[in-house]
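As they're listed, the protein sequences go chains A and B.
Under the working numbering, the first residue of the first sequence carries the number 214, and numbering increases by one thereafter.
Under the working numbering, the first residue of the second sequence carries the number 532, and numbering increases by one thereafter.
For reference, the structure is listed below as C-alpha cells.
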Amino acid sequence: MTTDLDPGKIAQLLTLSTQQLDQSTLSALHNARQSALNRQAVRAPAFAFITDRGTLSLIPNSIQQWVFAGLLIVMLVIGTSYWQHVQEQQISDIDVAILTDDLPIEVFVD
Amino acid sequence: MRSSALGVFLLLCLTSTFASAASVSWRALSPAQREALAPLVQQWDTLPEIQRTRLLETARHYPHLTHEQKERFHNRLAKWSKLTPEQRDAAREKYRAFNKIPADKREQVKQMVREQEARKAAAASGVPAIPQSR
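Printed below as a string of C-alpha cells:
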C-alpha cells in the first residue's frame, strides 16, 4: 500500500512524534546536541573566515597549502623589492638630472 | 607552532626587503665612486644611510656624463647633500613639473634664467652683460 504524503504532512508527523517523546529522551538529545556544538567550537580555527559554504581557515593545514603560502610570500617579497628598486632608480635619475641640468639648482630648490 | 614559524619567516622577509643597504664608509667605496662623490669626502661618513644609498645610486651615472655635466655634478653635489630630505623631495617634484611643460616654454624659462645669471655675473665683475640669443 502506498500513501502519498506531501512535505507539509511529513513535517507535521515529525513534530507530532517529537512531542510524543518522553522527557528523558528529549534531555539526552539536548545534551548530545550541546556536546556536538561544543566540540565543533573547539575545532574552529583561530584565524578563519566564516562563509555560507563553511569555515575558511587562514592557517595552511596541508603541504600544498603551505607551499602555496610560501610561494605567495616569496612573490610578495620579490614584488616589493622590485617596486622599491624602480622607485629608487627613478629618484636617482631625477637627482642626476637636477645635478647636471643647465638650469642652476636654485631654480628647483626653495 | 607552525603559525609562529610563519610569523618569524614573514618578519625576516619584510626586514630584508625594507632594510637599507649596509653602511658604506668612505674608505670602502670603489675608486670610481670616490671620484664621483669627491666633494663629499669630509661629510660622507656622517650622512644618513638612505642618503648614502641614493648618492651611490646617483654615482653610477657619473662615468657616463660629459665633461661639462661632471663639472656641474661636482659643483652642486655638496649643496644638494646639505638640503633637508623635504627640500630634495620638493626639488624633485619641481623638476618633474618643469619637464611636463612644453619644450618651447621650457626653453623660454631657461633663456630667462641664463640672462639673469649673465646680469648677475656682469654686476659682480663690473662689466656690462651682453644679451644672449640662443
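Just so you know, even glycine gets a beta-carbon here, dropped at the ideal spot from N, CA and C.
By the rule that beta-carbons nearer than 7 Å mark a contact, A/I307 touches chain B. Put simply, the CB of B/T589 is near chain A, with a gap under 7 Å to one of its CB atoms. Per DSSP, B/I632 lies in no alpha helix (DSSP H) and is assigned neither H nor E.
Not a single C-beta of chain A is nearer than 7 Å to the C-beta of B/Q642. Inter-residue distance for B/W557 and B/W575 is about 6 Å (C-alpha atoms, whole angstroms). When the Cα atoms are used, A/H243 and A/Q233 turn out to be separated by approximately 15 Å.
In this structure, B/F629 keeps its C-beta atom at 7 Å or more from the C-beta atom of A/L312. Around the beta carbon of A/W296, a 10 Å sphere encloses fewer than 16 other beta carbons of the protein chains shown; the residue is thus reported as exposed.
Under the DSSP definition of a beta bridge, B/G657 lacks any partner.
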